[in-house]
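Please read the structure below before turning to the comments.
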Amino acid sequence: MTWNDIIITDSIWPPVLYYTVSIIVGILLYIGKLFVHRYANLTVYVCYALFVTLFSGIQVCIFRFGGDFTNAIFGIDLDTLAYKSIYNGAFVFFLLYGIAIPTRFK
Numbered sequence: 070m071t072w073n074d075i076i077i078t079d080s081i082w083p084p085v086l087y088y089t090v091s092i093i094v095g096i097l098l099y100i101g102k103l104f105v106h107r108y109a110n111l112t113v114y115v116c117y118a119l120f121v122t123l124f125s126g127i128q129v130c131i132f133r134f135g136g137d138f139t140n141a142i143f144g145i146d147l148d149t150l151a152y153k154s155i156y157n158g159a160f161v162f163f164l165l166y167g168i169a170i171p172t173r174f175k
């Protein structure tokens, strides 16, 4: 088998863009957690916990409903069944975003 025998039918850009955006959002959520732990009052603490839960819920919806959800809500035609890495990555990001939920109150 040589490199000429390899045929790529699907584009690699949807998973690359999905993972890039998800990693950036995850980093921003974790930085927000550090900010909330350091400076926030009770109202900001609760609002930020709901904000993180919203983003985590979006990842669960991508995992569960796939392309129908992304097309209806975001207007992006993303077939998660064609890209198993996006399908499985959505569940992993759902779990990782749980780390960004604030755990202690100042």
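Read in order, the letters of the sequence shown correspond to residues 70 to 175 in the numbering used here. Just so it is clear, CB atoms sit at the ideal spot from N, CA and C, and this is done for glycine as well.
So, helix, strand or coil for residue 81, using DSSP?
coil
Output the boundary residues of the alpha helix (DSSP H) element that contains residue 164.
153-166
Limits of the alpha helix (DSSP H) - the one that residue 17 falls within
The requested residue 17 does not occur in the structure, where the chain is confined to residues 70 to 175.
Contact check, residue 118 vs residue 155, beta carbons under 8 angstroms
no
With DSSP run on the structure shown, which of helix, strand or coil describes residue 86?
helix
Give me the Cβ distance between residue 121 and residue 166, rounded to the nearest whole Å; I'm assuming they're in contact under 8 angstroms.
6 angstroms
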